[in-house]
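For reference, the structure is listed below as structure tokens.
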Amino acid sequence: MADQEEDFMTLSTKISPVYGGNLYIVFSDDVSFPLDAELYLVFEGSRQRHVTSCDLVNEHTLHSRIPAHAKPESVELTIYRVIQRSCHFIASVPFYYKYDTAYFMVQFLLDSVYNTQSLDNLELVRSDRFDLANEERTTLDERLVLAFRYIPFPVGWNILGYEPDIKQVERETLLHFTARLGLFQVALFLLAKPGSHICVQLLNKEGYTPADVAAKNGFQELVELLSR
């Protein structure tokens, strides 16, 4: 059935990280929809079903958010159109969820608060499952913030580590990390976490706050965010 569907439509991806993303579906010239058409995607897994609405980019192209999914697995993706309250089947294809490098990097970053040296060298931000040096930087901010929102934080987690109330040593923090790489969305997310009000003032071993690091790297929006 999947081969038959591919004759008249193309998916921008058939694989998504478990934390979700974006999906575009382009139909052939002989398949079109009015711009006010009501279309939905259903992602059917072994224990979860997600229903998302679609936006029409043009009469041949749909866009939808890929919902987060509880675990990596193969699911069935089905497209429906609603006409006068009746659901009409359009197509169904296999779709896959997986753990990706951003997922594993966020696990590393969450644990980094317990080791004051873990972010000293960006070249060492890697494991056997990810390597910062090989990441696509243009999409890294969005992928990381989605993974941060998806992964449960440990109970009592604090951006300053185990003992947030004691005098903090100079070190690279997660906010320094975001400032070096220009990760605006990640920084905004972390600023809502416990300890962030102290973290923005904390100096690294070079004597710079996160805002100073952002300024050195030319990320003016981050400078303003981290200086509030």
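Per UniProt numbering: the sequence shown = residues 1 to 228.
All C-beta atoms, glycine included, are put in the ideal place defined by N, C-alpha and C.
Being a predicted model, the structure only gives us computed values, none of them experimental.
Cβ-based neighbour list, residue i, same chain, cut-off 6 Å, excluding 5 preceding and 5 following
| i | result |
| --- | --- |
| SER118 | SER112 |
| ILE25 | MET9, LEU11 and LEU62 |
| GLY44 | Note on identity: in this sequence residue 44 is Glu, with Gly being the wrong assignment. If we look at GLU44 and ignore the five residues flanking it on each side, its Cβ neighbours are VAL75 and GLU76. |
| residue 257 | The structure shown has nothing for residue 257, since the chain only spans 1 to 228. |
| ALA147 | TYR19, ALA102, TYR103 and VAL106 |
| GLU224 | none |
| MET1 | Residue placement at MET1 is flagged as unreliable, the pLDDT there being 36, under the threshold of 50; a coordinate-derived value is accordingly withheld. |
8 Å Cβ cutoff met for residue i and residue j
| i | j | result |
| --- | --- | --- |
| TYR40 | VAL75 | no |
| ALA179 | LEU226 | yes |
| THR116 | ARG49 | no |
| LEU222 | GLY182 | yes |
| ASP141 | PHE184 | yes |
| ARG47 | ALA102 | no |
| ILE159 | LEU190 | yes |
| LEU188 | PHE153 | no |
Close beta carbons around residue i, own chain, < 7 Å, minus the five adjacent residues each side
| i | result |
| --- | --- |
| PHE104 | SER127, ARG129 and PHE130 |
| ASP3 | Because ASP3 sits at a pLDDT of 42, beneath the cut-off of 50, its placement in the model cannot be relied upon, and the following sentence gives the value as read from the coordinates. Once the five neighbours on either side are set aside, ASP3 has no close Cβ partner at all. |
| ALA68 | VAL18, TYR19, GLY20 and TYR150 |
| ARG228 | none |
| ALA214 | ALA179, LEU222, VAL223 and LEU226 |
C-beta neighbour in chain D for residue i, strict 8 Å
| i | result |
| --- | --- |
| LEU181 | Protein chain content of the structure displayed is limited to a single chain, and chain D is not contained in it. |
Spatial neighbours of residue i in its chain, beta-carbon cut-off 8 Å, leaving aside the 5 residues before and after
| i | result |
| --- | --- |
| VAL31 | PHE8, MET9 and HIS60 |
| residue 253 | Absent from the structure is residue 253, since the part of the chain shown begins at 1 and ends at 228. |
| LYS216 | TYR208 |
Best match in the options for proximity to residue i [C-alpha to C-alpha]
| i | options | result |
| --- | --- | --- |
| THR173 | ILE198, PRO154, ASP29 and GLN185 | ILE198 |
| GLN168 | LYS205, ALA68 and PHE177 | LYS205 |
| THR13 | VAL200, PHE148, VAL93 and GLY156 | VAL93 |
| LEU23 | PRO34, SER46, ASP55 and PHE33 | ASP55 |
| GLU38 | VAL155, SER28 and ARG85 | ARG85 |
| PHE33 | ILE66, GLU73 and TYR80 | TYR80 |
| CYS87 | VAL42, VAL213 and TRP157 | VAL42 |
| ALA91 | GLU136, PHE27, THR139 and THR138 | PHE27 |
Buried versus exposed, by CB contacts within 10 Å (16 or more), residue i
| i | result |
| --- | --- |
| TYR19 | buried |
| THR209 | buried |
| GLY195 | buried |
| VAL57 | exposed |
| ASP100 | buried |
| PRO17 | buried |
| PHE219 | buried |
| PHE177 | buried |
| ASN121 | exposed |
| ASN134 | exposed |
| residue 232 | Examination of residue 232 is not possible in this model, given that the chain is present from 1 through 228 alone. |
| LEU35 | exposed |
| ALA211 | buried |
| VAL155 | exposed |
| ALA192 | exposed |
For residue j and residue i, believed in contact at Cβ under 8 Å, the rounded distance
| i | j | result |
| --- | --- | --- |
| SER64 | THR52 | 5 Å |
| LYS71 | ILE15 | About 14 Å separates the two Cβ atoms, so there is no contact after all. |
| VAL145 | VAL200 | Incorrect: roughly 18 Å between the Cβ atoms, too far for contact. |
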